[in-house]
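Asker:
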């Protein structure tokens with residue numbers, strides 16, 4: 059005869075049943091840390107191989123003027139984020155090996171955190187593999203020209219094609235080039251077609267749209283197919299030469315991890331680039347805030363790179379001219395008032411057209427933001443779901459020369475503690491993160 063359990067005992071047993079899974083899982087983080095770290099290391103290596111294959115397919119498609127699927131572009135961005143986090147977790151492994159209790163036991167807290175993080179990242183990597191397996195190919199076929207251009211657009215201009223259709227590119231995140239940017243866009247394209255110019259620079263304040271403008275230039279160049287290869291790297295405020303090398307190596311399907319020393323990685327990259335010395339190559343270095351020794355990175359100069367060009371962006375013209383020896387530089391200035399207002403209204407949304415008071419405030423605020431697209435979108439995003447009081451307060455207090463008057467209201471209107479923490483973290487990281495992706 060089965061024993062009859064009291065109601066209290068039944069509750070206890072049921073609770074134990076529920077807890078068994080979570081408790082076992084959390085204990086596993088601590089006791090099977092080494093296994094989880096090895097699994098993460100294996101998954102990361104496979105992810106690196108997969109990324110290189112995807113990039114190779116993307117490059118081949120672009121060389122054949124095939125538009126890349128948006129899912130593929132997003133996958134590559136997500137992969138970079140996950141891979142960087144995975145490497146950070148693996149770097150933490152050394153600290154998790156420290157012992158406690160006078161060397162008798164491994165540090166349980168460190169091992170628990172490491173095991174838990176490794177398990178989470180493995181799942182994220184596996185999600186990336188699953189997403190990748192849903193693709194048949196990385197590109198889609200071009201739409202018929204009539205559907206792409208319609209009656210409102212002219213055909214794309216040639217590389218240096220005069221004044222034809224200077225309104226066919228975006229500067230504010232995906233729409234047409236604005237009137238104030240059409241001239242500099244044309245000048246940059248012409249400079250890239252001039253055989254006498256080797257190093258070309260674009261300078262302007264942070265948030266003015268240098269990176270976005272260069273993306274549009276890159277798209278035009280790919281359509282014109284003037285260069286055999288276009289390579290891009292983000293430099294940031296504190297240049298990490300290894301990171302720059304890795305970004306360049308990705309375009310070349312080159313694995314630099316086979317060399318342990320910085321000198322070895324530099325020589326490997328230098329040797330690989332020298333193999334393409336007769337090709338027409340454009341190297342874009344974005345956000346160059348201090349002088350860079352290109353040979354130290356692994357970029358050959360002089361006779362070893364006859365057909366090459368460098369396209370640089372910086373906040374400072376003197377860095378481009380004096381440190382990077384630019385042959386010609388272009389000053390990208392802020393949007394005109396009318397363009398700034400249009401961008402602000404577009405970021406807020408169509409509903410703004412029905413709100414006369416808010417529309418007037420939007421015009422006032424937009425004109426105070428010195429034509430910086432990033433600043434305009436940041437403020438508009440902060441206000442789009444706010445009440446009229448917040449709009450009035452912003453109009454009265456905002457001053458582009460006093461960044462606190464912009465940052466503080468934007469921070470206060472963020473939803474949730476996690477979002478606010480991310481905002482503060484990005485502020486600490488500074489120029490090493492592409493802020494546009496957070497808007």
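In the working numbering, the protein residues as written are 59 to 497.
Even glycine gets a Cβ: it sits at the ideal position worked out from N, Cα and C.
No experiment lies behind these values; they were computed from the predicted model shown.
#1: In angstroms, rounded to a whole number, what distance separates the CA positions of residue 421 and residue 405?
#2: Pick out the complete alpha helix (DSSP H) segments inside the segment 234-318, 4 residues or longer, and give them in chain order.
#3: Using only CA atoms, which one of 327, 96, 242 lies nearest to residue 390?
#4: Just mark residue 297 as buried or exposed, buried being the case when its beta carbon has 16 or more other beta carbons within 10 Å.
#5: May I have the straight-line CA-CA distance separating residue 276 from residue 288, to the nearest angstrom?
#6: According to DSSP, is residue 59 helix, strand or coil?
#7: Can you find the residues in the same chain that come closer than 6 Å, C-beta to C-beta, to residue 419, ignoring five residues on each side of it along the sequence?
#8: Is the beta carbon of residue 101 sitting closer than 7 Å to the one on residue 140?
#9: Going by the DSSP bridge assignment, what does residue 340 pair with across the sheet?
#10: For residue 113, which residues of its own chain have a beta-carbon under 8 Å away from its beta-carbon, when the five flanking residues on both sides are left out?
#11: Any idea if residue 438 is buried or exposed, counting beta-carbon neighbours within 10 angstroms, 16 or more meaning buried?
#12: Alpha carbon to alpha carbon, what distance is there between residue 285 and residue 250?
#13: Mark residue 188 as exposed unless 16 or more other C-beta atoms lie within 10 angstroms of its C-beta, in which case mark it buried.
#14: For residue 386, report the span of its alpha helix (DSSP H) as first-last.
#15: Could you tell me whether the segment 395-404 touches the segment 251-265, where touching means 3 or more Cβ pairs closer than 8 Å?
#16: Use the C-beta contact count for residue 192: other C-beta atoms within 10 angstroms, 16 or more gives buried, fewer gives exposed.
#17: Counting only the same chain and skipping the five closest in sequence on each side, list residues whose C-beta sits under 8 Å from that of residue 245.
#18: For residue 303, count the other beta carbons within 10 Å of its own beta carbon; 16 or more makes it buried, fewer makes it exposed. Which is it?
#19: Could you work out which residue in 280, 380, 411 is closest to residue 442 when comparing CA atoms only?
Answerer: With the structure as the only source:
#1: Counting from 1 along the chain shown, the entry for residue 421 is found at position 363. Counting from 1 along the chain shown, the entry for residue 405 is found at position 347. Distance between residue 421 and residue 405, taken at the CA atoms: about 13 Å.
#2: As far as the segment 234-318 is concerned, its whole alpha helix (DSSP H) runs of at least 4 residues are 237-250, 268-282, 299-309.
#3: Here residue 390 refers to the residue found at position 332 of the chain shown. Measuring from the Cα of residue 390, the nearest candidate turns out to be 242.
#4: For this step, residue 297 is matched to residue 239 along the chain shown. Residue burial is scored here from C-beta neighbours: residue 297 has at least 16 other C-beta atoms within 10 angstroms and is therefore classed as buried.
#5: Position 218 of the chain shown, counting from 1, holds the residue named residue 276. Position 230 of the chain shown, counting from 1, holds the residue named residue 288. Roughly 8 Å between the two C-alpha positions.
#6: Walking along the chain shown from the start, residue 59 turns up at place 1. Any answer about residue 59 is weak, because its pLDDT of 41 lies below 50 and its placement is not dependable; what the coordinates show is given next. Three-state DSSP puts residue 59 in coil, outside helix and strand.
#7: As a first step, residue 419 is located in the chain shown; it is residue number 361 there, counting from the start. Excluding positions up to five away in sequence, the list reads 449, 453.
#8: Within the chain shown, numbered from 1, the residue matching residue 101 stands at position 43. Within the chain shown, numbered from 1, the residue matching residue 140 stands at position 82. Contact: no.
#9: One-based indexing of the chain shown puts residue 340 at position 282. Bridge partners of residue 340: 288, 367.
#10: Against the chain shown, residue 113 aligns to sequence position 55. These residues qualify, in order along the chain: 134, 308, 309, 311.
#11: Your numbering for residue 438 matches position 380 in the chain shown. By the Cβ-count criterion, residue 438 is buried, with 16 or more other Cβ atoms from all chains shown falling within 10 Å of its own Cβ.
#12: The residue you call residue 250 lines up with position 192 of the chain shown. The residue you call residue 285 lines up with position 227 of the chain shown. Roughly 10 Å between the two C-alpha positions.
#13: As a first step, residue 188 must be located in the chain shown, where it is residue number 130. That one is exposed.
#14: On the chain shown, position 328 is the one that residue 386 refers to. Note, residue 386: premise wrong, no alpha helix (DSSP H); beta strand (DSSP E) at 386-389.
#15: Between the segment 395-404 and the segment 251-265, the count of Cβ pairs shorter than 8 Å is below three; the stretches do not touch.
#16: Position 134 of the chain shown, counted from the start, is the residue given in the question as residue 192. Counting C-beta atoms within 10 angstroms of its own C-beta, residue 192 has fewer than 16 neighbours from the protein chains shown and is therefore classed as exposed.
#17: On the chain shown, position 187 is the one that residue 245 refers to. Answer for residue 245: 388, listed in chain order.
#18: Counting from one through the chain shown, the residue named residue 303 turns up at place 245. Flag for residue 303 reads buried.
#19: The residue given as residue 442 occupies position 384 in the chain shown. Taking only the C-alpha atoms, the option nearest residue 442 is 411.
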